[in-house]
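Residues in the sequence shown are numbered consecutively from 15, following this note's numbering.
So the structure is just underneath, and the comments pick up after that.
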Amino acid sequence: MKFSPTEEQQAVLTTAREFATNEVLPKAAEIDREHRHPAELVKRMAELGFLGIAVPEQFGGAGLDHVSYALAMEEVSRACASTGVIMSVNNSLVCDPINRFGTEDQKREWLTPLASGKLLGCFALSEPEAGSDAAAQKTVAERVGDKWVINGTKNWITNGPVADVCVLFTMNDKAAGHKGITAFILPMKAKGVRTGPPDDKLGIRGSKSSQIYLDDVRLSDAHLLGQVGGGFKVAMSTLDGGRIGIAAQAVGIARAALEDALAYAQQRRTFGKPIAQHQAIQFKLADMATEVDAARLLTLRAAYLKDQKQPYGKEAAMAKLYASDIANKAAREAIQIFGGNGYVTEFPVERHFRDAKITEIYEGTSEIQRIVIAGHLAKGG
Ligand code: CAA
């Protein structure tokens, strides 16, 4: 068992840390304040190979492993959680399923520009009445002649307003339940596709999300992703990998809270000494540091198992469950350490507090992660 990165993973980590520190962090507060999609950072991530890290080079990716992906995600998210989720969705929820389920033609046409960052992707599973209960899809794909005619509404779609391509889930046979769900690769410019106004969110305000309205959208069989009726498995297996990305994002947010709180505690003085010398503060920092490390180890274990082509769904759910929990706790404690300064936007910890919350909700709530973990336990996994 090794606890150190390979040379290649270390190189990714170093590049990601430099990019995050020098280019992302200085803009994070402004991106949040202005609710701004950081297009220039997305472009830079494309240049660095961060938008298709684990995609083979022949399809435009960096050809690296998922451990490298998790390391880079943590670094980018430590600087700006909004930029982190844009990266995560493109890698985990768009490139990954097209890489695993797409035909050679689809990989050439869609994966190559997505992984190299020429196009940006989104993933449309959730609906107004199908969030945690993902099988309750109401978006209908009806076979008419040689086309699929798609009607419905998708909800909370991260990258929706700025995406070029969508991995879309539809119901083609309601009576078949989850076996009636079919996935498509949808060009967002297709006739009948419209996005709603960007959601006005508590946190990750630089990440644009919205509803997507599908009104008699016509797609050919060339747009099917996987088998007709095989969409639920595409979605579930994709979310297993997505949860590694969100766990890494949560570790990044927790680390941001810890590092900012530590720096503040070392210079803020009360009762004649820096507050970092008061045990009440030391205990908080010690717990935060321990939990950040534990969350990172869980995350890297899930990524490692994915790289080894071993089952990793339970481990990814555990990583996301724990990392999202401790990210919220770390951000809360960071505000407490900053005191009044933690409650104002002049300092970054209120942003970490707002950004952390979503990690307990998207790509499966903490309650859903517990269901997934318990399901694996029941099967002896
Ligand atoms: N991989 C492959 N197949 C899987 C699977 C997995 N991880 N999990 C389940 N399946 C298969 C099962 O084997 C079963 O197949 P069979 O019928 O052939 O045996 C089938 O799927 C149905 O499984 P379940 O009975 O367990 O399904 P369920 O309807 O009870 O739902 C659930 C299970 C875990 C609750 C699931 O609905 C779920 O994960 N919900 C949360 C959805 C979610 O994470 N949404 C996030 C939206 S995306 C997002 O947030 C993106 C963003 O903005 C950043």
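We put the beta carbon where it would ideally sit given N, CA and C, even for glycine.
Bear in mind that the values here come from a model prediction, so they are computed numbers and not experimental data.
Mind checking whether the beta-carbon of serine 224 lies closer than 7 angstroms to any heavy atom of ligand 1?
-> On the sequence shown, residue 224 is found 210 positions in, with the first residue counted as 1. Because no heavy atom of ligand 1 lies under 7 angstroms away, the Cβ of serine 224 does not count as near it: no.
Relative to ligand 1, is the shortest distance from any of its heavy atoms to the C-beta of phenylalanine 115 smaller than 7 angstroms?
-> Within the sequence shown, numbered from 1, the residue matching residue 115 stands at position 101. No, ligand 1 has no heavy atom inside 7 angstroms of this Cβ.
Are the stretch 161 to 170 and the stretch 110 to 123 touching, with three or more C-beta to C-beta distances below 8 angstroms?
-> Contact between the stretch 161 to 170 and the stretch 110 to 123 is absent, with fewer than three C-beta pairs closer than 8 angstroms.
Say the cut is 7 angstroms; is the CB of phenylalanine 137 nearer than that to a heavy atom of ligand 1?
-> Looking up residue 137 in the sequence shown gives position 123. For phenylalanine 137, the distance from the CB to the nearest heavy atom of ligand 1 is below 7 angstroms.
Alpha helix (DSSP H) runs wholly inside the stretch 269 to 326, at least 4 long, in chain order = Taking 4 residues as the shortest admissible run, the stretch 269 to 326 contains the following complete alpha helix (DSSP H) segments, listed from N- to C-terminal end: 293 to 321.
What first and last residue would you give for the beta strand (DSSP E) that runs through proline 127?
-> Sequence index remark: in the sequence shown, residue 127 carries index 113 (1-based). For proline 127, there is no enclosing beta strand (DSSP E); the enclosing alpha helix (DSSP H) covers residues 126 to 129.
Can you list, in chain order, the residues of its chain whose CB lies under 7 angstroms from that of proline 288, leaving out five sequence neighbours each side?
-> Numbered from 1 along the sequence shown, position 274 holds the residue referred to as residue 288. So the qualifying residues of the chain are Ala279, Gln280, Gln281 and Arg282.
Under the three-state reduction of DSSP, which class applies to valine 386: helix, strand or coil?
-> Taking the sequence shown and counting its residues from 1, the one referred to as residue 386 is at position 372. Reduced to three states, the DSSP call for valine 386 is helix.
In the structure shown, what three-state DSSP assignment does alanine 93 receive?
-> Residue numbering aside, residue 93 sits at position 79 when the sequence shown is read from its first letter. Reduced to three states, the DSSP call for alanine 93 is helix.
Glutamate 184 - partner residues in DSSP beta bridges = Sequence index remark: in the sequence shown, residue 184 carries index 170 (1-based). According to the sequence displayed, residue 184 carries threonine and not glutamate. The beta-bridge partner set that DSSP reports for threonine 184 consists of Thr196.
Lysine 416 to arginine 157 span [Cα, whole Å] = One cannot answer for residue 416 here, as it falls past the ends of the chain, which runs 15 to 395.
Find the nearest neighbour of threonine 196 within the set Glu22, Leu139 and Ile226, judged by alpha-carbon distance.
-> If you number the sequence shown from 1, residue 196 lands on position 182. Minimum Cα distance to threonine 196 is reached at Leu139.
Looking at the structure shown, is aspartate 230 part of a helix, part of a strand, or coil, going by DSSP?
-> One-based indexing of the sequence shown puts residue 230 at position 216. Three-state result, aspartate 230: strand.
Option in Leu62, Gly378, Val207 and Ala25 with minimal Cα separation from glutamine 225 = Taking the sequence shown and counting its residues from 1, one reaches residue 225 at position 211. Residue Val207 is the option with its Cα nearest to glutamine 225.
Run through DSSP, which three-state label would asparagine 105 get?
-> Within the sequence shown, the letter at position 91 stands for residue 105. Under the three-state reduction of DSSP output, asparagine 105 falls in the helix class.
How close, in whole Å, do the beta carbons of leucine 27 and glutamate 89 come, if the pair is a contact with beta carbons under 8 angstroms?
-> Along the sequence shown, read from residue 1 onward, the residue named residue 27 stands at position 13. Along the sequence shown, read from residue 1 onward, the residue named residue 89 stands at position 75. Yes, leucine 27 and glutamate 89 are in contact; Cβ-Cβ is about 7 angstroms, under 8 angstroms.
Taking histidine 80 as the reference, give the member of Gly210, Asp187 and Arg257 with the closest Cα.
-> The residue given as residue 80 occupies position 66 in the sequence shown. Ranked by Cα distance from histidine 80, the options Gly210, Asp187 and Arg257 are led by Arg257.
CB contact below 8 angstroms: threonine 35 versus chain D = No chain D is part of this structure, which consists of one protein chain only.
Leucine 272 to leucine 78, Cα distance in whole Å?
-> Translated into positions along the sequence shown, residue 272 becomes position 258. Translated into positions along the sequence shown, residue 78 becomes position 64. Looking at the two C-alpha atoms, the distance is approximately 29 angstroms.
If we ignore side chains and look at the alpha-carbon of each, how far apart do leucine 228 and glycine 259 end up?
-> Counting from one through the sequence shown, the residue named residue 228 turns up at place 214. Counting from one through the sequence shown, the residue named residue 259 turns up at place 245. Within the model, the alpha-carbon separation for leucine 228 versus glycine 259 is close to 28 angstroms.
With C-beta atoms as the reference, is alanine 30 less than 8 angstroms away from leucine 85?
-> Taking the sequence shown and counting its residues from 1, the one referred to as residue 30 is at position 16. Taking the sequence shown and counting its residues from 1, the one referred to as residue 85 is at position 71. Here alanine 30 is near leucine 85, since their CB atoms are less than 8 angstroms apart.
Can we say the stretch 343 to 353 touches the stretch 102 to 111, given the rule of at least three CB pairs closer than 8 angstroms?
-> Cβ pair count under 8 angstroms is below three, so no.
Measuring alpha carbon to alpha carbon, tell me which of Gly245, Leu238 and Tyr83 ends up nearest glutamine 24.
-> The count along the sequence shown starts at 1 and reaches residue 24 at position 10. Closest option to glutamine 24, Cα to Cα, is Tyr83.
Would you identify the three-state DSSP class for lysine 168, choosing helix, strand or coil?
-> To locate residue 168, count along the sequence shown from 1; it is residue 154. Under the three-state reduction of DSSP, lysine 168 is assigned to strand.
Beta-carbon separation of cysteine 136 and glycine 220 under 8 angstroms?
-> By 1-based counting over the sequence shown, the position of residue 136 is 122. By 1-based counting over the sequence shown, the position of residue 220 is 206. Not closer than 8 angstroms, so no.
Ends of the alpha helix (DSSP H) at threonine 29?
-> Residue 29 sits at position 15 when you count from the first residue of the sequence shown. Segment 21 to 33, the alpha helix (DSSP H) holding threonine 29.
Compute the distance between the beta-carbons of glycine 174 and serine 102, then report whether it is under 8 angstroms.
-> Here the question's residue 174 lines up with position 160 in the sequence shown. Here the question's residue 102 lines up with position 88 in the sequence shown. Glycine 174 places its beta carbon 8 angstroms or farther from that of serine 102.
Looking at leucine 133 and aspartate 187, is the spacing between their C-beta atoms short of 8 angstroms?
-> Locating residue 187 in the sequence shown gives position 173, counting from the first residue. Locating residue 133 in the sequence shown gives position 119, counting from the first residue. No, these two residues do not count as a Cβ contact at 8 angstroms.
Is any heavy atom of ligand 1 found at a distance shorter than 7 angstroms from the C-beta of glycine 245?
-> The residue labelled residue 245 in the question sits at position 231 within the sequence shown. Every heavy atom of ligand 1 is 7 angstroms or more from the Cβ of glycine 245, so no.
Three-state class that DSSP yields for alanine 330 in the structure shown | For the purposes of this step, residue 330 is identified with residue 316 of the sequence shown, where counting begins at 1. In the structure shown, alanine 330 sits in a helix (DSSP, three-state: H, G or I).
In this structure, what does DSSP give as the bridge partners for glutamate 141?
-> As a first step, residue 141 must be located in the sequence shown, where it is residue number 127. Answer is Ala144.
Is the stretch 59 to 75 touching the stretch 377 to 393 in the sense that three or more CB pairs, one from each, lie closer than 8 angstroms?
-> Counting Cβ pairs under 8 angstroms, fewer than three are found: no touch.
List the residues that DSSP assigns as beta-bridge partners of arginine 208.
-> For the purposes of this step, residue 208 is taken as the residue at position 194 of the sequence shown. DSSP lists Tyr227 as partners of arginine 208.
If you measure from the CB of isoleucine 382, is any heavy atom of ligand 1 nearer than 7 angstroms?
-> To locate residue 382, count along the sequence shown from 1; it is residue 368. A heavy atom of ligand 1 is found nearer than 7 angstroms to the CB of isoleucine 382.
Going straight from the alpha carbon of valine 69 to that of lysine 323, what length do you get?
-> Position 55 of the sequence shown, counted from the first residue, corresponds to residue 69. Position 309 of the sequence shown, counted from the first residue, corresponds to residue 323. C-alpha separation (whole angstroms): 15 angstroms.
Among Ser130, Asn169, Gln151 and Pro201, which has the Cα closest to the Cα of alanine 190?
-> Numbered from 1 along the sequence shown, position 176 holds the residue referred to as residue 190. Minimum Cα distance to alanine 190 is reached at Gln151.
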